[in-house]
Every structure is written in structure tokens, then in C-alpha cells.
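Trainee: To start, I am sharing the structure in question, which I have written as C-alpha cells.
2 protein chains.
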Amino acid sequence: MNDGSPPTGLPQTVTVQLGTLGALVADRFAKQIEAYGLKPKHVALLIALSHGVAASQQELAGKLAVVPSLVVALADRLEQCGAITRVRDPTDRRRQVLALTGEGARLLARCETAARAIDDELLAALSAPERAALRHALRVLAEQADPKTSLH
Amino acid sequence: MNDGSPPTGLPQTVTVQLGTLGALVADRFAKQIEAYGLKPKHVALLIALSHGVAASQQELAGKLAVVPSLVVALADRLEQCGAITRVRDPTDRRRQVLALTGEGARLLARCETAARAIDDELLAALSAPERAALRHALRVLAEQADPKTSLH
DNA sequence: TATTGTTATACTCTATAACTATA
DNA sequence: TATAGTTATAGAGTATAACAATA
């Protein structure tokens with residue numbers, strides 16, 4: 001264009017910048033964790049299990065804001081690589097109760113290492129107080145968004 | 153788990169928080185702009201056109217970090233709704249030169265309004281200085297990431 | 001009859017590969 | 001022969017819908 005009309009301010013919005021940076025770091029993170037045979041959604045499931053206690057697949061589908069049939073596929077993979085256990089609830093044999101294993105916790109720790117490396121690279125351009133301010137703001141926004149939190 | 157092992161620090165990393173929030177705002181933004189018949193990638197193409205001058209589809213594929221065949225589909229849609237023009241370069245008739253129209257600029261303005269509304273809602277939980285600090289940090293990170301910037 | 005998990009299927013987004021036309 | 005764009009096809013990721021087991 002460049003015909004004198006005001007340039008769009010869209011790229012300066014937090015919405016677009018968060019969307020762009022989010023996609024960027026998500027791609028980097030996905031690249032790193034594929035060495036462990038995991039996708040971001042697998043990690044989201046592991047995180048959910050590491051927080052609360054063991055949970056049914058329906059409960060997890062709610063927490064991850066995905067459909068139950070997707071939890072089946074994610075859990076299949078995680079069970080296959082030994083990251084979770086999957087046992088029928090004796091009191092209600094319809095329910096599959098998932099729980100993190102030691103191997104799952106180790107995988108999660110490796111993912112955390114990968115994430116921290118991406119953090120360090122990304123935040124290198126900021127001063128220490130700028131980094132602290134960003135972390136604070138993200139923490140506030142993340143917990144306000146939390147009800148349905150997932151990785152894309 | 154909750155067996156005494158340390159809980160994962162993954163959700164506190166900037167990587168995971170940016171990824172999560174980015175997906176959240178991207179979804180909200182996508183929801184808003186579908187009223188205009190646009191997807192985030194369409195907006196990304198319009199933004200690219202509003203910045204530089206008219207550009208060939210190959211150049212745009214480079215800027216958006218997508219494959220040329222995707223630019224075809226995006227441009228088809230944008231041309232169809234009158235947001236861009238698409239003319240053969242007379243000096244090299246292989247090239248299609250895309251340019252933003254007045255209607256495209258108007259669409260972009262509506263998208264900006266939608267993004268600012270999401271910004272306002274999201275940032276309501278932060279104080280004015282916290283908002284300023286976040287905007288500053290995101291601006292720095294966004295421009296450092298910029299080479300291949302897109303919306304997911 | 002309602003609910004949990006599963007399977008089968010379809011849809012969206014995007015990439016790869018083959019093709020056309022210009023150069 | 002090489003390049004811009006296009007078309008056809010395929011793959012990843014996820015949802016919807018039908019189904020089986022259990023309540």
C-alpha cells in the first residue's frame with residue numbers, strides 16, 4: 001500500500017505479539033522434545049498428571065480442553081513409552097486411572113531442561129529487571145487464563 | 153504423582169507460558185476475525201502487504217515462512233473478498249504482484265480493533281506499569297524473532 | 001438409561017510433488 | 001534450463017460420531 005494511509009498497528013498489539021512469539025517458542029519446544037518421542041500435547045498431559053493426583057481420562061480431557069478420544073491416543077503413546085500407568089478403577093470399572101511413573105517424571109525433567117534452554121536463549125536480549133517484569137506479567141496472565149490450559 | 157518427588161517447574165517457564173498464552177490469544181483472535189471471513193494467516197499476509205510495497209507471492213511465502221502453494225490459497229481468498237489486487241508483472245509475466253486495496257486496509261483496521269479488545273481484556277489484570285513493562289519486553293522479543301514472523 | 005473409554009471417520013491446516021507458463 | 005505460480009495429493013493434528021463395556 002504505502003499510499004499515505006496509516007500503517008496498521010496490529011503488529012504492535014499484545015495479541016499479535018503473544019500469538020507470534022507463542023508459535024515461535026512452541027515450535028522450538030516441539031523440535032526439542034521430539035527427541036524423546038513426545039509432542040507438546042503429551043507434555044501437557046504429563047504436566048496435568050504431575051500436578052494433581054491420578055486422574056481419569058475424562059477429567060484429563062477437561063483439563064487439557066481436548067476431546068476424550070484424543071486423550072486415548074495421547075495416553076496410548078505415553079503408556080507405551082512407560083511414562084504413565086493406566087489401571088481400571090476397581091470401584092468403577094469404566095474408568096481408566098492414569099498416573100505418572102518415575103520414567104514419566106524423568107521425561108518431564110528433560111522437557112523442563114529443554115524449556116529452560118529456550119528461555120535462556122530467548123531472554124538473553126532482556127536485562128535482568130526486564131526479565132523479572134516479563135516473568136511476573138506472564139505468571140499473572142497465565143494463572144488468570146488457567147482454567148483450560150494446554151500447549152498447542 | 154505426588155510421591156515426594158519435586159513437582160515439575162515446566163509451567164513456570166517462559167517457554168510454556170508464552171506457548172500457552174499465545175495459543176489462547178490466537179484462538180480468541182481467530183474467533184473474532186472469522187466474522188470477516190479471515191483466518192490468522194490471511195491477516196499475516198495483509199500485514200506483510202501493508203508494511204512493504206507490493207510483493208510477489210514468492211517473496212510473501214518467504215516473509216510468512218510458508219510454502220508458495222499456501223500463498224496461492226490465501227491470496228485466492230483475499231482477492232475474492234476484494235482485500236488485495238493481483239496483477240501480472242509486465243516485466244516478468246511469471247510474477248503475480250499483490251497489493252493491498254482500500255478494502256484490505258479497512259479489514260486490517262477491523263482486525264486491529266478486535267486485537268485491541270482482546271488486549272484490553274487480557275491486560276485488565278495488570279497495573280499500568282506492569283502493562284508497560286510487558287509491552288516493552290514483547291516488543292524486544294518480537295523484533296528479535298522477526299525474520300520469519302507469522303501468525304499461527 | 002447414562003457414562004467411560006474406544007474405534008472409525010472426517011475435517012482443517014499445511015507441506016510435498018508434479019505440472020504450466022514464462023524467462 | 002531455471003523460476004513463479006498453480007494444482008493435485010498427502011500428512012499431521014484434532015474433532016465428531018458410532019459403539020462397547022460398565023454403572
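Residue numbers (this note's numbering), protein chains in the order written: chain A, 1 to 152; chain B, 153 to 304.
Cβ coordinates follow ideal geometry from the N, Cα and C atoms, glycine included.
Predicted model only: the values in this text are computed from it and were never measured.
What did DSSP end up calling residue 67 of chain A once you bin it into helix, strand or coil?
Mentor: In this structure, residue 67 of chain A counts as coil in the three-state DSSP scheme.
Trainee: Once you ignore the five residues that flank residue 210 of chain B on each side, which residues in its own chain have a CB closer than 7 Å to its CB?
Mentor: The residues are 220.
Trainee: Residue 263 of chain B versus chain A: which residues are under 7 Å apart at the beta carbon?
Mentor: Chain A residues near residue 263 of chain B: 10.
Trainee: On the DSSP bridge list, what partners appear for residue 88 of chain A?
Mentor: Note: residue 88 of chain A sits in a beta bridge opposite A/96.
Trainee: Could you work out which residue in A/53, A/65, A/66 and A/80 is closest to residue 97 of chain A when comparing CA atoms only?
Mentor: Among A/53, A/65, A/66 and A/80, the Cα nearest to that of residue 97 of chain A belongs to A/53.
Trainee: Against chain B, does residue 45 of chain A count as a neighbour if the rule is that its beta carbon must be under 7 Å from one of theirs?
Mentor: Closer than 7 Å: no.
Trainee: For residue 207 of chain B, does the three-state DSSP call read helix, strand or coil?
Mentor: In this structure, residue 207 of chain B counts as strand in the three-state DSSP scheme.
Trainee: Using a beta-carbon distance below 7 Å, is residue 234 of chain B in contact with chain A?
Mentor: For residue 234 of chain B, the answer is no, since every Cβ of chain A falls outside 7 Å of its Cβ.
Trainee: Using the Cα positions of residue 18 of chain A and residue 35 of chain A, report the straight-line distance between them to the nearest angstrom.
Mentor: Taking the straight line from one Cα to the other gives about 26 Å.
Trainee: Which whole-angstrom value is the C-beta distance of residue 40 of chain A and residue 30 of chain A, which I expect to be below 8 Å?
Mentor: About 6 Å separates the two Cβ atoms, so the contact holds.
Trainee: Please list the terminal residues of the continuous alpha helix (DSSP H) segment that includes residue 278 of chain B.
Mentor: Neither: residue 278 of chain B is in no alpha helix (DSSP H) and is coded neither H nor E.
Trainee: Give the secondary structure of residue 8 of chain A by DSSP, where H, G and I count as helix, E and B as strand, and everything else as coil.
Mentor: Coil, per DSSP.
Trainee: Residue 82 of chain A lies in the alpha helix (DSSP H); which residues open and close that run?
Mentor: Neither: residue 82 of chain A is in no alpha helix (DSSP H) and is coded neither H nor E.
Trainee: Helix or strand or just coil, what does DSSP make of residue 37 of chain A?
Mentor: The answer is coil: DSSP assigns residue 37 of chain A none of H, G, I, E or B.
Trainee: Leaving out the 5 sequence neighbours to the left and right, which residues in its chain are closer than 7 Å to residue 262 of chain B when beta-carbon positions are compared?
Mentor: So the qualifying residues of the chain are 188.
Trainee: May I have the straight-line CA-CA distance separating residue 199 of chain B from residue 259 of chain B, to the nearest angstrom?
Mentor: Looking at the two C-alpha atoms, the distance is approximately 11 Å.
Trainee: Touch check for the segment 18 to 28 of chain A and the segment 172 to 179 of chain B: three-plus C-beta pairs under 8 Å?
Mentor: Cβ pair count under 8 Å is three or more, so yes.
Trainee: Looking at residue 162 of chain B: is its Cβ nearer than 7 Å to the Cβ of residue 112 of chain A?
Mentor: Contact flag set, yes.
Trainee: Let me confirm a value: residue 119 of chain A is counted as buried when at least 16 other C-beta atoms fall within 10 Å, else exposed. Which label applies?
Mentor: Buried: at least 16 other Cβ atoms inside 10 Å.
Trainee: Is residue 115 of chain A buried or exposed, if buried means 16 or more other CB atoms sit within 10 Å of its CB?
Mentor: Flag for residue 115 of chain A reads buried.
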